[in-house]
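See structure below.
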């Protein structure tokens, strides 16, 4: 039985229990279930049922953990329907990085109200975290880490770890000087494996991979993934250690960045996949379609210029879709390969010419293959279908199969090349290459494809 | 300075040193560089330079670590140019899961030869790992984990950890019975934080998330990510503990699965992004374009059926690209949102009707918006452009703006709906929904769009 199936059984049961208002049974189920397994219940419940569940989770003391896993709509509903003091209590139980991410999305007045209610050290920490820009290391880091001075012994450090409650997950002990500057790092395993009176400075590794509070989260993820770290220390501008980003947050970052990339590549803008709002969905997608619309109007104008040839040989119109389609598809293939390669680091701008050559050559191979195929097809079809041709053009009409064959071949080569160059140029000028696979590029490939098709037709047939 | 810039400086230096054959300097650089930072040098070197570098890495004793990070082409070059005993020595230094993944890609004869050279326990382990199917937990797990019996005391466990060398990363101690069945788990942190004579059975958590050797790697990643684990234990069919999958491998799985999804969505097949082979690239992409080609031929046939209307009102052809383009783009948006949502779990089949409604309504909004826009545009243009219309059709020609307006609107609604339904159906019937965004679906949307366009035209104009 896989995770999905298990979720499903649990959800069906919970829905039934909620409908029956079987509160004691529900509490029982909640107590036995991991908070990460509770979150998937919400999208299946109506808002009034969600509110009942919120209340139970508060009573069971696990609302904080669940809150973190909810979709934005459900989280908004919770924040709206919960009184500020209760909300503040719950936020208090959550990791600081998760709270700051949540607060950052609230209107400023509400943010301040809540910060006032979350008193003391926690509130200070939060205010600090809220300073950092979204999607930076500062924004996703936790200020709770374990640091010790160079002179502390292994035994004393272990003793201190024993007493701690607040630190999320300890894998590393960070060794700092009096000014809180990072000097080295020791893994908990190393610490356990040594003699108790050794000072940390004799145990620590001094080569530490670090990031800064302003480092973009993508890059933080790259550092953690590349060096197989469990957490990376975050320094402020004075090089003082101010937090760590743990690998579980990095996993979320990788997921989110991937989703963002995929949506950008499809030209959907900032769509919230889990949102049910038609209005928001429409608004996010409208502008991206505009590129395609304008491109389409340009195509109208361009084909309009060839009205006369089209009137004489209507069959030219039959091949507009296949020429557009094949160009569009091969262009999408190339740009996707490049965009993804740039994102994972497997394609490097410095190898640009090699990559461009490969895509060009691939485009040429595929273009010739499908060009010949289409040429043969048209050759056969024109013998049987009696597509009308004016008598004066009949002698030149034998070239018709060559025209479509050549058009599809040229178009595919151009599409593969353009699909390769544009994302690389974007990358070079620090524009997100993911945009390059969207309507913007495919539309320009369409327009050029049609233009070349009619130019080739005019040369051979008229 | 970010990771990329740092890589770049290092690479330029290394390239120069290799060209100058400055071996001692190169050795010096290698000794100071993390193996994960050495791998990016290779794509920038010629094969003969790569072989020089291989040799130096073997001498410096870090070839094993680097090998794991190389692209498939460079890895193949290394395996081809290295003698079997040397290769076996290097494989011996690598984690078993990485070695088995590498061996799995080799021809069977070579595999056996190497297994013979890697003697003893390591070879046994490997043979075991090689049994498991690709992309399962068994395939990606490491057989090195730390297990102890229930009666062992905390102190004795810590003592044993001290003595170990072979275990990759210890975060958890797995507690097993005599038949190696998993009874519970303790984190290293918990272990450190307790009294030394407590037996493990009094410390352990008995709720352990596990996977089986045959669990697909995607699902392993989901479990690790969902429950914020650092490693997940892997059980065989007899429920005995046989390995663990660590989070650093899960990060790689998430990356790879995402790349695979993105490429599938673009209809590029099994393209190896880092490969430079034009032939392999062509072969992987050729079949995917066939769907688009066949769709294009169907479009040729369909438009052929409307030759007469097209001959009379050539302007109908001008709007083929915009109608195809807008339908294709909105369809891609919808299918991408659904495919990605299904992959991340944010879209659930059980909510299918809600999602379908949202996409339908969004399609309707956008369809009406762009339909009206295009209608107005055409209304204006037809006043100025003197597109030719036969006299007998002139009275009906006033409907022309309505035809294109309606066609684009209907097409966008259908495209959004089809783009939503197909990936959900695929998921329902356990076909990978990522395929649904490729040429297959976009092409069928194109074909339907054109068909409806001409049907609407025939109704209003003829």
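Protein chains in written order, with the working numbering: chain A, 1 to 462; chain B, 1 to 462.
Using N, Cα and C, we set each Cβ at its ideal position, and we do this for glycine too.
Can you name, in chain order, every residue of its own chain whose Cβ lies under 8 Å from the Cβ of residue i, other than the five neighbours on each side?
{"i": "residue 463 of chain A", "result": "With chain A running from 1 to 462 in the structure shown, residue 463 of chain A is simply not present."}
{"i": "residue 57 of chain A", "result": "30, 38, 63 and 66"}
{"i": "residue 299 of chain A", "result": "446, 447 and 450"}
{"i": "residue 96 of chain B", "result": "122, 125, 126, 129, 142, 143 and 144"}
{"i": "residue 198 of chain A", "result": "153 and 154"}
Counting only beta-carbon separations shorter than 7 Å, does residue i have a partner in chain B?
{"i": "residue 391 of chain A", "result": "no"}
{"i": "residue 307 of chain A", "result": "yes"}
{"i": "residue 156 of chain A", "result": "no"}
{"i": "residue 74 of chain A", "result": "no"}
{"i": "residue 292 of chain A", "result": "yes"}
{"i": "residue 439 of chain A", "result": "yes"}
{"i": "residue 333 of chain A", "result": "yes"}
{"i": "residue 262 of chain A", "result": "yes"}
{"i": "residue 358 of chain A", "result": "yes"}
{"i": "residue 414 of chain A", "result": "no"}
{"i": "residue 273 of chain A", "result": "yes"}
Hey, is residue i's beta-carbon within less than 7 Å of any beta-carbon in chain A?
{"i": "residue 395 of chain B", "result": "no"}
{"i": "residue 235 of chain B", "result": "no"}
{"i": "residue 287 of chain B", "result": "no"}
{"i": "residue 318 of chain B", "result": "yes"}
{"i": "residue 446 of chain B", "result": "yes"}
{"i": "residue 410 of chain B", "result": "no"}
{"i": "residue 424 of chain B", "result": "no"}
{"i": "residue 259 of chain B", "result": "yes"}
{"i": "residue 162 of chain B", "result": "yes"}
{"i": "residue 254 of chain B", "result": "yes"}
{"i": "residue 341 of chain B", "result": "yes"}
{"i": "residue 346 of chain B", "result": "yes"}
{"i": "residue 310 of chain B", "result": "yes"}
{"i": "residue 365 of chain B", "result": "yes"}
What is the C-beta distance between residue i and residue j, in whole angstroms, given that I count them as a contact (C-beta under 8 Å)?
{"i": "residue 304 of chain A", "j": "residue 318 of chain B", "result": "5 Å"}
{"i": "residue 420 of chain B", "j": "residue 356 of chain B", "result": "5 Å"}
{"i": "residue 278 of chain A", "j": "residue 358 of chain B", "result": "5 Å"}
{"i": "residue 414 of chain B", "j": "residue 297 of chain A", "result": "At roughly 21 Å, the Cβ-Cβ gap does not stay under 8 Å, so residue 414 of chain B and residue 297 of chain A are not in contact."}
{"i": "residue 387 of chain A", "j": "residue 315 of chain A", "result": "4 Å"}
{"i": "residue 182 of chain B", "j": "residue 208 of chain B", "result": "6 Å"}
Can you pull the chain A neighbours of residue i, defined as C-beta to C-beta under 8 Å?
{"i": "residue 94 of chain B", "result": "None at all; the shortest Cβ gap to chain A is about 13 Å."}
{"i": "residue 387 of chain B", "result": "304 and 307"}
{"i": "residue 377 of chain B", "result": "297"}
Which residues in the same chain have their Cβ closer than 6 Å to the Cβ of residue i, if we skip the five residues on either side of it in sequence?
{"i": "residue 257 of chain B", "result": "218"}
{"i": "residue 249 of chain A", "result": "140"}
{"i": "residue 509 of chain B", "result": "Given that chain B is displayed from residue 1 to residue 462, the structure contains no residue 509 of chain B and the question cannot be resolved."}
{"i": "residue 378 of chain A", "result": "401 and 404"}
{"i": "residue 375 of chain A", "result": "401 and 405"}
In chain B, what lies closer than 7 Å to residue i by C-beta?
{"i": "residue 171 of chain A", "result": "171"}
{"i": "residue 321 of chain A", "result": "296, 299, 320, 324, 446 and 450"}
{"i": "residue 266 of chain A", "result": "332, 333 and 336"}
Which partner residues of residue i appear in the DSSP bridge assignment?
{"i": "residue 205 of chain A", "result": "A:185"}
{"i": "residue 243 of chain A", "result": "A:234"}
{"i": "residue 301 of chain B", "result": "Note: residue 301 of chain B sits in no beta bridge, so no partner."}
{"i": "residue 199 of chain A", "result": "A:153"}
{"i": "residue 142 of chain B", "result": "B:244"}
Can you pull the chain A residues whose beta carbon is under 9 Å from the beta carbon of residue i, in chain order?
{"i": "residue 122 of chain B", "result": "Per Cβ cutoff of 9 Å: no residues; residue 122 of chain B is ~21 Å from chain A at best."}
{"i": "residue 354 of chain B", "result": "43 and 276"}
{"i": "residue 230 of chain B", "result": "169, 171, 230, 247 and 248"}
Report all residues from its chain with a CB closer than 7 Å to the CB of residue i; omit the five preceding and five following residues, and keep chain order.
{"i": "residue 243 of chain A", "result": "141, 142, 143, 145 and 234"}
{"i": "residue 49 of chain A", "result": "18"}
{"i": "residue 406 of chain B", "result": "371 and 456"}
{"i": "residue 84 of chain A", "result": "113, 114 and 117"}
{"i": "residue 68 of chain A", "result": "94 and 98"}
List the residues of chain B that residue i touches, going by C-beta distances under 9 Å, in chain order.
{"i": "residue 350 of chain A", "result": "8, 11, 43 and 44"}
{"i": "residue 34 of chain A", "result": "207, 209, 226 and 227"}
Examine chain D for any beta-carbon lying closer than 7 Å to the beta-carbon of residue i, and answer yes or no.
{"i": "residue 188 of chain B", "result": "In the structure shown, chain D does not exist; the protein chains are A and B."}
In chain A, which residues lie less than 7 Å from residue i when you measure between Cβ atoms?
{"i": "residue 326 of chain B", "result": "289, 292, 293 and 296"}
{"i": "residue 443 of chain B", "result": "325"}
Would the C-beta of residue i count as close to the ligand ADP, meaning under 6 Å from any of its heavy atoms?
{"i": "residue 51 of chain B", "result": "The ligand ADP is not among the ligands present in this structure, which contains no ligands whatsoever."}
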